[in-house]
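Using the working numbering, the first residue of the sequence shown is number 261, and each one after it goes up by one.
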Amino acid sequence: MTQPVLLKQSFLIAVLTGVQALVPAVVAVASLYGTVVLFGHRFDPSSAAVVIAGVLCLVLVQPPREVSTQLTSARLSAVADVILRWMLMLAVLLAVGYVTKSLNGFPRRVFLTWAAVTPIALIGATLAMQEVMRRFLMNAFDNRSAIVAGYNPSSLELARRLKNSPGMRVEVTGFFDDRSSDRLGLETDAKLIGSLSDMSQYVKDNRTDVIFIALPIRHVKRVMNLLDDLRDTTASIYYVPDIFVFDLIQARSGEIHGIPVVAMCETPFYGYRGVAKRLTDISFSALILLLLLPLLVIIGVVVKLSSPGPIIFKQRRYGLDGREIAVYKFRTMLVTEDGAQIRQASKTDSRITRVGAVLRRSSMDELPQLINVLQGRMSLVGPRPHAIAHNEEYRKLIKGYMVRHKVLPGITGLAQVNGCRGETSKLEEMEARVNYDLDYLRHWSPLLDIKILLLTVVKVFRDDKAY
């Protein structure tokens, strides 16, 4: 959708885009050839495994096609994108290979070497093609002149992002608004050209390629009148909704069978992102469970011998989309409360056993939740699930509280590594926790998950709020 804002299509762009689409498959097959030959085996380009790997790379390991993304995306983001797509491709390839037995002809060391080396080559090829596209697009076309109707946070942010992204080749000349400069509180880097009624004549007198209409949604009539005035121009016209008046979670635009829509509150785990996160959860939780199995058995025996009651305490909590789930923990109290009223654990809580105090202080009581992760009820990283009684209490007191359930709850989360864990005796403490949870939804990335996991390991034994 944004591509026409940047430039007009050309045959050369189409050719470059086609080449860019073929690069992942070519690099993957070439890397497979090199790996097979390196280990002294014969390479058969017509084998089922080679064909399947090539097709999957064509479909799953594709760079972004949107011109604006290629011009402005950071290299680190491109690297993370390649790694995630490669992991997804490997998972699908292994599944297909298991069903069809097509991978039986490749020794394990050949496959593992290829799986480890190819992402490096893909990253290099992707960055190289991205640079080629960026240099060509930046040099092949002149800057496009743009003006904006309406001065507000949305239009100001749009102008700033265009200014900070020279590769997009769009230069905002100024703003038009019926309010005066003093009333608008104009920023120093913003220029007020005239009122809305002056726009049509300005466009006729000055070269203008793009017009952004950024009037508030409630001013539909003014937008329609402005469109009528601008019909006698050849400029491209785009409407910019004033979405900054809303508290947005994973906002993005799209369409449903040709009808444009704007996501205002949505999960960050859509498409391959959700698949990548789920694969990460399964692999890491299974590995941790296997490594810690002896410790889990020992903890279970100690819990059973230390006090009467079950080893595992199951408590009802809200999971994805607010659906009820059972969360597992090693029992750390003399009671197993799961009713309409649940008292939060405090520092001098008489209900906590001696063994339970050690487990809670080291967070080892949470280890059974790795089973919840394997079940698909939880994730390694996400907003911590609260008891249903606490949910029903706080959803009435904290705005946006239930939005945190747009993703799977986590064993650890952004709030926990920022000190918001343990007892929430004050409403402000729970509000701070929820704010961190919502920030996690707004800014999620694989790197953020990794950072949270590392900080969890570092802070788990130094947190004086764990009791």
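Quick reminder that beta carbons are idealized off the backbone N, C-alpha and C, glycines included.
Rounded straight-line distance, which links the Cα of residue j to that of residue i
| i | j | result |
| --- | --- | --- |
| I585 | H665 | 12 Å |
| I710 | G582 | 25 Å |
| L708 | R443 | 41 Å |
| A536 | I548 | 18 Å |
| P669 | A409 | 43 Å |
| R533 | L416 | 31 Å |
| I712 | R467 | 50 Å |
| P706 | G454 | 45 Å |
| I572 | V342 | 40 Å |
| V500 | Y578 | 37 Å |
| I407 | A511 | 24 Å |
| P413 | V694 | 25 Å |
| G384 | R395 | 17 Å |
| Q263 | S496 | Residue placement at Q263 is poorly supported in this model, since its pLDDT is 48, which falls under 50; the coordinates are not used for a value here. |
| R420 | M428 | 12 Å |
| V563 | L298 | 54 Å |
| L353 | I312 | 7 Å |
| S425 | L292 | 38 Å |
| K481 | D489 | 13 Å |
| Y462 | T493 | 10 Å |
| V587 | A338 | 36 Å |
| L475 | S440 | 16 Å |
| L580 | T527 | 10 Å |
| K464 | Y411 | 21 Å |
| R611 | A617 | 10 Å |
| L553 | E515 | 48 Å |
| L714 | H479 | 48 Å |
| L630 | E688 | 30 Å |
| Y358 | L551 | 26 Å |
| D458 | L446 | 19 Å |
Residue i - partner residues in DSSP beta bridges
| i | result |
| --- | --- |
| I612 | M593 |
| F529 | According to DSSP, which records beta bridges pairwise, F529 is partnered with nothing at all. |
| P426 | Answer by DSSP bridge pairing: none, since P426 is not bridged. |
| A523 | R512 |
| T672 | V641 |
| F436 | A409 and G454 |
| E584 | Y578 |
Beta-carbon gap between residue i and residue j smaller than 8 Å
| i | j | result |
| --- | --- | --- |
| D437 | L418 | no |
| W346 | V321 | yes |
| D697 | G679 | no |
| V677 | T716 | yes |
| A288 | T433 | no |
| L640 | D502 | no |
| V521 | Y498 | no |
| R404 | V370 | no |
| L539 | A381 | no |
| S637 | A675 | Correcting the residue type first, residue 637 is Arg in the shown sequence and not Ser. In this structure, A675 does not lie closer than 8 Å to R637 by Cβ. |
| L486 | I473 | yes |
| H671 | V615 | According to the sequence displayed, residue 671 carries Ile and not His. Not in contact: I671 and V615 (Cβ atoms no closer than 8 Å). |
| T373 | T295 | yes |
Reference residue i; option with closest CA among the options
| i | options | result |
| --- | --- | --- |
| A523 | R533, I509 and V535 | I509 |
| Q280 | V430, R421, T386 and D458 | T386 |
| R491 | L446, S460 and T672 | S460 |
| A375 | C317, S414, F544 and L594 | C317 |
| L658 | M638, K686 and I631 | A small correction: the amino acid at residue 658 is Ile; Leu does not occupy that position in the sequence shown. Nearest C-alpha to I658: K686. |
| M690 | Y661, V470, I671 and G445 | Y661 |
| A546 | Q575, A511 and Q635 | Q635 |
| C525 | G518, E652 and S513 | S513 |
| S622 | K719, I612 and I631 | K719 |
| H703 | I648, A647, G642 and A649 | G642 |
| Q390 | S566, A692, V296 and V283 | V283 |
| F435 | V286, K656, L372 and K451 | K451 |
| L594 | G569, P305 and A355 | G569 |
| S362 | Y411, S307 and A388 | S307 |
| L565 | F544, T613 and Q575 | T613 |
| K574 | S567, V557 and T592 | T592 |
Beta-carbon proximity list for residue i, same chain, < 8 Å, skipping 5 on both sides
| i | result |
| --- | --- |
| I559 | F590, L619, M624 and L627 |
| V392 | L276 |
| H646 | R577, Y578 and Y654 |
Chain-order list of residues whose beta-carbon lies under 7 Å from that of residue i (same chain, five-residue window excluded)
| i | result |
| --- | --- |
| F529 | K537 and V667 |
| F366 | A309 |
| T329 | With a pLDDT of 46 at T329, under the threshold of 50, the modelled position of this residue cannot be trusted; read the value that follows with caution. There are no such residues. |
| A692 | C680 |
| L344 | Y532, A536 and P706 |
The ligand ATP heavy atom lying under 7 Å from the CB of residue i
| i | result |
| --- | --- |
| E688 | As presented, the structure is devoid of all ligands, the ligand ATP included, so that no description of it is given. |
CB contact below 8 Å: residue i versus chain C
| i | result |
| --- | --- |
| V561 | Here there is only one protein chain, and chain C is not present. |
Residues near residue i in its chain [Cβ-Cβ closer than 6 Å; skip 5 each side]
| i | result |
| --- | --- |
| A340 | P706 |
| A285 | G314, C317 and L318 |
| L555 | none |
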